[in-house]
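Per our numbering, the sequence shown starts with residue 47, numbered consecutively.
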Amino acid sequence: MPAFAPSPDVQQRRERLAEFMEAQVYPNEHALAAEDDAAEALMRELQGKAKAAGLWAMFIGPDGGGTGTGFLPYVYLNEVIGRSLVAPRVFGCQAPDTGNAEILHEFGTPDQKARWLRPLVAGEIRSFFAMTEPEVSGSDPRGLRARAERTGDTWVINAHKWFSSGAE
């Protein structure tokens, strides 16, 4: 039994999420795993349905473009989302987009938010995080050896990446 029971609002959203998973996600998991044009079209269709149902981008609040309710309520929703490998993308809460969106939301300038945060949370663009480097194994960002140096009005980033996934 959890130490903190979800509020009635969160419980209702959790039930709606579970119903959506039963009706839309589970029956389409095999088709979505194909990673072809048909799977991408189906993913976009399901994402549209998730948006219409108010189940999109639940990791971030309305001020960031999402429908989130805060950290603890999101934990209860993730218990349901985590039952399917494709569900995070269906609901617009897949890594690394969630973490990158949260950083932009917290620290981005108004221009950066308009250019990157809004389309990222809306699912119009994807992000990625190039973390692995040849000298450091694993995916711990504390091992990054990249350097960023200010040159006039711009930043120059020098790094050697070993492997990156999610880049399209």
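Glycine included, each C-beta is placed from N, C-alpha and C at the ideal position. Remember, it's a predicted structure, so these values are computed and weren't measured experimentally.
To the nearest angstrom, report how far apart residue i and residue j are at their CA atoms.
i, j, result
"Pro187", "Lys97", "32 Å"
"Leu150", "Glu68", "33 Å"
"Glu164", "Arg90", "The amino acid at residue 164 is misidentified as Glu; the sequence shows Arg. Their Cα atoms are separated by approximately 17 Å."
"Ala51", "Ala205", "45 Å"
"Ser130", "Asn74", "11 Å"
"Ala64", "Ala133", "11 Å"
"Ala147", "Glu81", "24 Å"
"Lys159", "Pro54", "32 Å"
"Lys207", "Thr197", "22 Å"
"Ala176", "Gly145", "13 Å"
"Ser183", "Arg193", "18 Å"
"Leu88", "Val71", "10 Å"
"Pro180", "Thr113", "39 Å"
"Arg62", "Gln93", "15 Å"
"Phe117", "Gly154", "20 Å"
"Gly107", "Ala168", "13 Å"
"Arg191", "Thr200", "20 Å"
"Ile203", "Glu195", "7 Å"
"His76", "Asp83", "14 Å"
"Trp162", "Thr115", "22 Å"
"Ala85", "Glu152", "33 Å"
For the putative contact between residue i and residue j, defined by C-beta atoms under 8 Å, what is the C-beta separation to the nearest angstrom?
i, j, result
"Ser173", "Pro142", "6 Å"
"Tyr120", "Arg60", "The Cβ separation is near 11 Å, so there is no contact."
Considering only C-alpha positions, which residue in the set the options is nearest to residue i?
i, options, result
"Gly111", "Phe117, Ala103, Phe175", "Ala103"
"Arg135", "Glu170, Phe117, Thr155", "Glu170"
"Leu166", "Gly138, Phe66, Pro180, Gly189", "Gly138"
"Glu125", "Glu195, Gln57, Trp201", "Gln57"
"Gly189", "Asp199, Glu195, Thr178", "Thr178"
"Pro156", "Asp109, Asp199, Ala79", "Asp109"
"Gly100", "Phe66, Ala85, Ala77, Arg161", "Phe66"
What does residue i pair with, by DSSP beta-bridge criteria?
i, result
"Val182", "Glu179"
"Thr197", "Thr200"
- Contained alpha helix (DSSP H) runs [length at least 4] in the segment 148 to 174, N- to C-terminal order: 164 to 168
- Those runs of the alpha helix (DSSP H) which lie wholly inside the segment 54 to 117 and span at least 4 residues: 54 to 66, 75 to 78, 83 to 98
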